[in-house]
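Residue numbers (UniProt numbering): 1 to 236. The beta carbon of each residue, even a glycine, is placed where N, CA and C say it ideally should be. On a predicted model such as this, the values are computed, not experimentally measured, just so you know. What follows is one structure encoded as structure tokens, with my remarks underneath.
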């Protein structure tokens with residue numbers, strides 16, 4: 001057996017963070033609701049106030065909560081800037097938010113794939129093909145294929161030769177991966193659905209390779225619409 005890293009026990013403050021996040025996710029602490037005081041939280045969790053303060057600091061750094069002068073501590077409303085923080089990702093990676101992200105992807109990626117079909121060079125095509133092969137391998141190995149899926153879409157963005165579009169994709173990469181993770185893992189038991197995603201990627205690639213910009217846009221549009229339909233079929 002290969003050597004593994006020792007398991008690290010969670011600090012008390014980290015456990016408190018996880019519990020407060022769970023309460024937020026389940027709606028027991030909805031957006032804009034006020035958190036109990038430090039003393040009340042200390043009594044609720046049966047820990048010292050220093051652990052509570054440390055946990056609240058972590059949640060504030062993740063932009064999950066905010067302190068309002070003279071009012072107390074409140075659960076923040078989640079916005080796009082919060083999606084980039086890894087600690088906030090588990091809260092935003094739900095069906096409704098993933099649908100919002102899908103709308104954003106549609107706006108960005110239809111234009112991106114059109115430019116890619118017009119501007120892709122041989123290196124770009126090689127990178128897309130590698131991502132397709134990696135995705136196929138990961139599916140056959142029973143993996144979700146999140147990294148390979150994202151790698152394909154990023155390769156398309158790079159092929160657009162538009163540095164701003166590439167930067168947008170890179171800035172959104174944590175939450176885009178999280179949304180891919182949500183949908184792909186939900187379909188882990190359905191290989192046919194996961195293979196259909198790969199096939200759609202291959203069709204997009206074929207259009208880009210042929211310099212068929214109109215066809216590439218149509219294939220990307222259909223791909224994102226199919227993702228939306230599959231997402232609507234999922235339970236929370």
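Between residue 17 and the rest of its own chain, which residues show a CB-CB distance below 8 Å, the 5 nearest in sequence each way excluded?
55, 58, 59 and 87
For residue 68, the three-state DSSP class (helix, strand or coil):
strand
With a threshold of 9 Å between beta-carbons, can residue 216 be considered close to chain B, or not?
In summary, chain B is missing from the structure at hand, where a single protein chain is found.
Which value, in whole angstroms, describes the spacing of the CA atoms of residue 154 and residue 170?
8 Å
Cβ neighbours of residue 35 in the same chain (closer than 6 Å, five flanking residues each side left out)
73
Residue 179 to residue 98 span [Cα, whole Å]:
6 Å
Within 9 Å, strictly: CB atoms of residue 41 and residue 52:
yes
Are the CB atoms of residue 120 and residue 208 within a distance shorter than 9 Å?
Yes, these two residues count as a Cβ contact at 9 Å.
Return the CA-CA distance between residue 224 and residue 43, expressed in angstroms with no decimal places.
48 Å
Since residue 75 sits in a beta bridge, which residues does DSSP pair it with?
Residue 75 is bridged to 65.
With a threshold of 8 Å, are at least 3 pairs of Cβ atoms found where one atom belongs to the segment 123 to 142 and the other to the segment 103 to 111?
Contact fails: fewer than three Cβ-Cβ distances are below 8 Å.
Host alpha helix (DSSP H) of residue 237 (start-end)
Residue 237 cannot be examined here, being either before or after the span of the chain that is shown, 1 to 236.
CA-CA distance, residue 163 and residue 175?
20 Å
Going by DSSP in three states, residue 34 sits in which element: helix, strand or coil?
strand
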